[in-house]
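Count along the sequence shown from 1, add 13, and you get the number used in my numbering. Ideal Cβ positions, reconstructed from N, Cα and C, are used throughout, including at glycine.
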Amino acid sequence: MSVCYQNGPEIERITMRGLNFLNMLVGRNRYRLSAQLLADRASWADIYTAWVMACVDYMWFMGHGDPGIGAPKEEQVRVARLFQEGAQEKECDAFLEGYKKMLTKPHYPNVGSADSAETICSDIQKKMAGAPLWLRMRVSAVCLLTNSLPETFFAEGAGWTAVLLAPALAAKYAAGIIEVTEGLTLELEPCAGPGPGTGLVPGTLMNRSGEMRCMHIRYDGVDHPVRLPPHGFLRALFSDSGCSRLVSLKGGISCCDGGSAILQKGDAGGDGLFYAYRTGGAFRLVRMPLPGPFWDAAADENNGVTGAVVLTANELYSTVDPGQKLLRSDGAALPVRCYRSGSQWARLYEDGSLVSNLPGGETMEGVTAVAEEAGRGLLVCRKGRCFDYRSNVEKEMTEGGFVQAMLGRFLQAGQGECEVLATQFARWTILDSGEVR
14 MSVCYQNGPE IERITMRGLN FLNMLVGRNR YRLSAQLLAD RASWADIYTA
64 WVMACVDYMW FMGHGDPGIG APKEEQVRVA RLFQEGAQEK ECDAFLEGYK
114 KMLTKPHYPN VGSADSAETI CSDIQKKMAG APLWLRMRVS AVCLLTNSLP
164 ETFFAEGAGW TAVLLAPALA AKYAAGIIEV TEGLTLELEP CAGPGPGTGL
214 VPGTLMNRSG EMRCMHIRYD GVDHPVRLPP HGFLRALFSD SGCSRLVSLK
264 GGISCCDGGS AILQKGDAGG DGLFYAYRTG GAFRLVRMPL PGPFWDAAAD
314 ENNGVTGAVV LTANELYSTV DPGQKLLRSD GAALPVRCYR SGSQWARLYE
364 DGSLVSNLPG GETMEGVTAV AEEAGRGLLV CRKGRCFDYR SNVEKEMTEG
414 GFVQAMLGRF LQAGQGECEV LATQFARWTI LDSGEVR
């Protein structure tokens with residue numbers, strides 16, 4: 014064995030006759046395991062062999078009545094695959110249900126109760142919403158076997174989700190990066206909803222080169238040029254996991270009602286978030302400090318102070334409003350995109366639900382795309398129909414008009430410009446060089 018408790022010895026291998034050993038050992042000695050070990054393939058192999066295999070053997074015995082032998086090799090292999098990428102939800106649910114019933118049998122092994130098992134599983138489902146199925150299975154298996162809530166069993170305490178989900182979330186983000194090559198063409202279908210059982214997929218169109226590159230967004234047979242500066246990037250949404258069906262494209266400039274803006278902009282040093290403002294005729298661009306990589310951002314305003322709403326892998330927070338905070342570790346579902354235009358704001362979730370301050374209700378369903386139109390307001394594509402909220406009332410519009418509003422900041426850019434956003438207070442421009450003016 015190469016896996017050790019964070020504050021103790023190497024983990025011990027259990028047998029069918031000692032399924033309740035871990036419950037007592039961990040409780041008595043307060044041993045804690047690092048959550049990181051469950052995301053590591055080699056460490057998980059050791060944990061599975063030491064702990065879960067005995068459970069699989071006992072479940073086989075319960076169904077076949079032969080205490081002298083364990084489960085056959087093919088059964089062990091089948092179950093082991095439920096804890097790996099590619100696991101099927103139906104099979105995992107069936108195994109987990111049997112696993113819970115086996116561990117909570119009142120005579121033996123009597124590891125906790127049915128109620129405590131449900132509490133553990135509900136807590137894991139809530140705090141790991143959106144995490145890979147195989148990772149949720151690993152956490153469920155060890156926590157049920159030790160009859161522990163994750164925050165009491167893992168050495169990281171309340172921070173266990175951030176530690177455990179970081180690699181998986183980083184991989185998910187990396188998988189959504191589409192490198193922009195000169196002439197890349199993407200078909201735009203703003204009303205094309207995801208297929209059954211799937212959701213909206215966030216992606217980032219990224220120009221990794223040191224030169225401006227021009228791509229094309231094709232809508233209704235017409236190609237619209239969109240230019241990305243050196244190291245520039247744009248946030249996008251797709252309706253398929255392969256990131257081939259583009260439903261929306263979001264600009265890098267976001268503003269409220271004032272003469273300032275928030276810019277998502279890359280440079281040779283990496284992706285950055287900037288606060289831009291004009292004062293006394295002078296222009297200022299200030300890089301905003303961030304705790305790490307961010308997945309999206311939008312302007313925000315609170316009591317006349319302008320800042321940003323920032324989306325990361327683990328939280329959504331506002332730099333000017335402490336009351337706006339969603340933590341994945343608290344079980345909150347995080348949006349895939351956030352928007353702001355003038356006084357209107359919105360958060361779009363993977364399942365197509367839109368939380369906003371738009372007229373007509375706080376939450377909308379079936380949303381596939383949102384467009385920011387300078388500082389005038391938002392437009393929404395919902396259930397195959399497009400709506401304009403810029404006058405603070407809901408007005409239906411054509412899909413073509415919606416696309417023009419979404420791409421307007423790119424199509425109105427002049428020579429040497431990639432993106433332009435103009436309000437009654439200011440005009441913001443990202444140049445081909447990547448500079449802002």
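Isoleucine 452 bridges to which residues according to DSSP?
-> Lying outside 14 to 450, the shown extent of the chain, residue 452 is not represented and no answer is given.
Sufficient close CB pairs (3 or more, under 8 Å) joining the stretch 217 to 232 to the stretch 346 to 357 = no
What are the residues that DSSP puts in a beta bridge with histidine 237?
-> Ile230
Extent of the continuous beta strand (DSSP E) run through asparagine 327 | Note, asparagine 327: premise wrong, no beta strand (DSSP E); not H, not E.
Per-residue DSSP class, three states only, for threonine 62 = helix
What is the rounded straight-line gap between the Cα of tryptophan 73 and the Cα of alanine 345?
-> 37 Å
Can you name the start and end residues of the beta strand (DSSP E) that alanine 381 belongs to?
-> First, the residue type needs correcting, since residue 381 is threonine and not alanine in the sequence shown. Here the beta strand (DSSP E) through threonine 381 covers 380 to 386.
Span separating the alpha-carbon of asparagine 36 from that of glycine 355 = 56 Å
Verify whether the separation of the beta carbon atoms of glutamine 420 and histidine 237 is less than 7 Å.
-> According to the sequence shown, residue 420 is leucine rather than glutamine. Yes. Within cutoff.
Since glutamate 328 and leucine 213 are thought to touch, with beta carbons under 8 Å apart, how far apart are those beta carbons, to the nearest angstrom?
-> Actually they do not touch by this definition, with Cβ atoms about 19 Å apart.
Residue closest to aspartate 445, alpha-carbon to alpha-carbon, out of His244, Leu371 and Cys269 | His244
Starting from the C-beta of alanine 281, find all residues in its chain whose C-beta is less than 7 Å away, skip the five residues before and the five after it, and write them out in chain order.
-> His244
Residue burial classification, tyrosine 112 (beta-carbon count within 10 angstroms, cutoff 16) | buried
What is the residue span of the beta strand (DSSP E) that glutamate 430 lies within?
-> 430 to 435
Going by alpha carbons, who is nearest to phenylalanine 167 out of Ile137, Ile190 and Ala188?
-> Ile137
Nonlocal neighbours in the same chain, by C-beta distance under 8 Å from leucine 452, ignoring five residues either side | Residue 452 is absent from the structure shown; the chain starts at 14 and stops at 450.
How should lysine 263 be labelled, buried or exposed, when 16 other C-beta atoms within 10 angstroms of its C-beta is the threshold for buried?
-> buried
Range of the contiguous alpha helix (DSSP H) that encloses glutamine 417 = 412 to 424
Just curious, the beta strand (DSSP E) that phenylalanine 251 is in, first and last residue?
-> 246 to 251
Can you say whether alanine 418 is buried or exposed, counting buried as having 16 or more other CB atoms within 10 angstroms of its CB?
-> buried
Beta carbon of glycine 427: closer than 6 Å to some heavy atom of the ligand NAD?
-> Although the ligand NAD was asked about, the structure shown includes no ligands whatsoever.
Supposed close pair serine 161, leucine 109 - CB separation, criterion 8 Å = At roughly 16 Å, the Cβ-Cβ gap does not stay under 8 Å, so serine 161 and leucine 109 are not in contact.
Find out if the Cβ-Cβ distance for the pair serine 47, valine 16 is shorter than 7 Å.
-> no
Please determine if the stretch 309 to 319 and the stretch 181 to 200 are in contact, where contact requires at least 3 C-beta pairs separated by less than 8 Å.
-> no
Nearest CA to the CA of alanine 52: which residue from Arg398, Asn20 and Leu182?
-> Leu182
DSSP beta-bridge partners of lysine 396 | Answer is none; lysine 396 lacks a bridge partner.
Going by C-alpha distance, which of Pro145, Glu409, Lys86 and Lys396 is nearest glycine 208?
-> Lys396
With DSSP run on the structure shown, which of helix, strand or coil describes leucine 201?
-> strand
How should valine 383 be labelled, buried or exposed, when 16 other C-beta atoms within 10 angstroms of its C-beta is the threshold for buried?
-> buried
Reducing DSSP to helix, strand and coil, say where threonine 211 ends up.
-> coil
Mind checking which residues open and close the alpha helix (DSSP H) that includes threonine 159?
-> 146 to 159
For alanine 171 versus glutamate 164, is the C-beta spacing smaller than 7 Å?
-> yes
Grab the span of the alpha helix (DSSP H) containing glutamate 164 for me, first residue to last.
-> 163 to 166
Quick one: grab the DSSP three-state call for tyrosine 44.
-> coil
Mapping DSSP to helix, strand and coil, what is lysine 118?
-> coil
Rank Gly234, Ala100 and Ile27 by C-alpha distance to the C-alpha of glycine 413 and give the top, closest one.
-> Gly234
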